[in-house]
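Those letters in the sequence shown? Residues 0 to 177, per the numbering used here, in order.
Note that CB positions come from ideal geometry on N, CA and C, so glycine has one too.
Computed from a prediction, not measured in an experiment: that's the story for all the values here.
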Amino acid sequence: MKRCGWLMVALVPFVLFGGCGPKPGTPDTGGKKKLTVCMLPKKKGVPYFTSCAQGAEEAAKELGNVELIYDGPTDGAAEKSASMIEKWTLQGVDVIAVSPNDPEVVSPAMRKAREKGIKVITWDADGATDAREFFVNQATAQEIGYGLVDTMAKDLGGAEPEGEVAIITATLTAANQN
Numbered sequence: 000m001k002r003c004g005w006l007m008v009a010l011v012p013f014v015l016f017g018g019c020g021p022k023p024g025t026p027d028t029g030g031k032k033k034l035t036v037c038m039l040p041k042k043k044g045v046p047y048f049t050s051c052a053q054g055a056e057e058a059a060k061e062l063g064n065v066e067l068i069y070d071g072p073t074d075g076a077a078e079k080s081a082s083m084i085e086k087w088t089l090q091g092v093d094v095i096a097v098s099p100n101d102p103e104v105v106s107p108a109m110r111k112a113r114e115k116g117i118k119v120i121t122w123d124a125d126g127a128t129d130a131r132e133f134f135v136n137q138a139t140a141q142e143i144g145y146g147l148v149d150t151m152a153k154d155l156g157g158a159e160p161e162g163e164v165a166i167i168t169a170t171l172t173a174a175n176q177n
């Protein structure tokens, strides 16, 4: 669960300051508002994303004024992710945190959410830069690559090992999986 604590650290500014001003067309209540934060993984049911959800739930409880909604497609379909973003936009949530499986498919929905005053961030994988406030990257591709090669070299027996390596990806449209 601690592996995904960085996501909640990134969400804290939105939770603390996101409710400081009213959304366009809404009255300022003057009180402490409960913020609705939606968290959208690439694919629901994957242990990594489940751990992220658990960390987010813990942080939401700690903060006290956050309602966390964790949902996503069970098949990884980017079109379903875009539909969820559109649904949450119509509901007027405060923050949408997206791990885009296909940025070209979900970024238009993310832009619409931002146009409505919703704070949109990406995590785990990035979307179009104009469709989100910022991107929370758990590690750079270079860091991951070095770590994988170092681990393979160690597992193969040393500084100049010989062996064949296969690289497998989950989807071609997610930049962090290629």
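Look at the alpha carbon of residue i and the alpha carbon of residue j, and state the distance between them as a whole number of angstroms.
{"i": "Val148", "j": "Ala140", "result": "12 Å"}
{"i": "Val104", "j": "Thr150", "result": "34 Å"}
{"i": "Ser106", "j": "Gly162", "result": "40 Å"}
{"i": "Lys79", "j": "Glu57", "result": "26 Å"}
{"i": "Met83", "j": "Val45", "result": "18 Å"}
{"i": "Asp154", "j": "Ala55", "result": "34 Å"}
{"i": "Ile166", "j": "Asn64", "result": "43 Å"}
{"i": "Tyr145", "j": "Glu159", "result": "15 Å"}
{"i": "Thr28", "j": "Ile120", "result": "Since pLDDT at Thr28 reaches only 39, below the 50 mark, its modelled position is unreliable, and the value read off the structure follows with that caveat. So the two alpha carbons sit approximately 25 Å from each other."}
{"i": "Pro99", "j": "Gly91", "result": "20 Å"}
{"i": "Arg131", "j": "Arg110", "result": "7 Å"}
{"i": "Leu31", "j": "Lys115", "result": "One detail in the question is off: residue 31 reads as Lys in this sequence, not Leu. Looking at the two C-alpha atoms, the distance is approximately 21 Å."}
{"i": "Thr35", "j": "Ala81", "result": "18 Å"}
{"i": "Gln137", "j": "Glu66", "result": "24 Å"}
{"i": "Tyr69", "j": "Ala152", "result": "38 Å"}
{"i": "Glu142", "j": "Val135", "result": "15 Å"}
{"i": "Ala59", "j": "Gly156", "result": "45 Å"}
{"i": "Asn49", "j": "Leu39", "result": "Note that residue 49 is Thr in the sequence shown, not Asn. Whole-angstrom Cα-Cα distance: 11 Å."}
{"i": "Thr128", "j": "Cys51", "result": "23 Å"}
{"i": "Thr88", "j": "Glu61", "result": "25 Å"}
{"i": "Lys86", "j": "Cys37", "result": "11 Å"}
{"i": "Tyr47", "j": "Trp122", "result": "13 Å"}
Residues bridged to residue i by DSSP?
{"i": "Ala66", "result": "First, the residue type needs correcting, since residue 66 is Glu and not Ala in the sequence shown. DSSP, once it has assigned bridges, lists Thr35 as partnering Glu66."}
Less than 7 Å between CB atoms is the rule here; does residue i satisfy it with respect to chain B?
{"i": "Gln53", "result": "The structure shown contains no chain B; it is built from a single protein chain."}
For the putative contact between residue i and residue j, defined by C-beta atoms under 8 Å, what is the C-beta separation to the nearest angstrom?
{"i": "Val94", "j": "Ile117", "result": "7 Å"}
{"i": "Lys42", "j": "Ala124", "result": "No, Lys42 and Ala124 are not in contact; Cβ-Cβ is about 11 Å, not under 8 Å."}
{"i": "Gly126", "j": "Pro102", "result": "4 Å"}
Any idea if residue i is buried or exposed, counting beta-carbon neighbours within 10 angstroms, 16 or more meaning buried?
{"i": "Pro26", "result": "Because the pLDDT at Pro26 is just 41, under 50, the model does not fix this residue reliably, and the value given afterwards should be weighed accordingly. Exposed, since its Cβ has fewer than 16 Cβ neighbours within 10 Å."}
{"i": "Asp74", "result": "exposed"}
{"i": "Cys164", "result": "Sequence check: residue 164 is Val here, not Cys. It counts as exposed."}
{"i": "Ala77", "result": "buried"}
{"i": "Ala112", "result": "buried"}
Exercise for the section: Identify every run of the beta strand (DSSP E) within the region 89-135, keeping only runs that are complete inside it and at least 3 residues long; order them along the chain. Expected result: 94-97, 118-122
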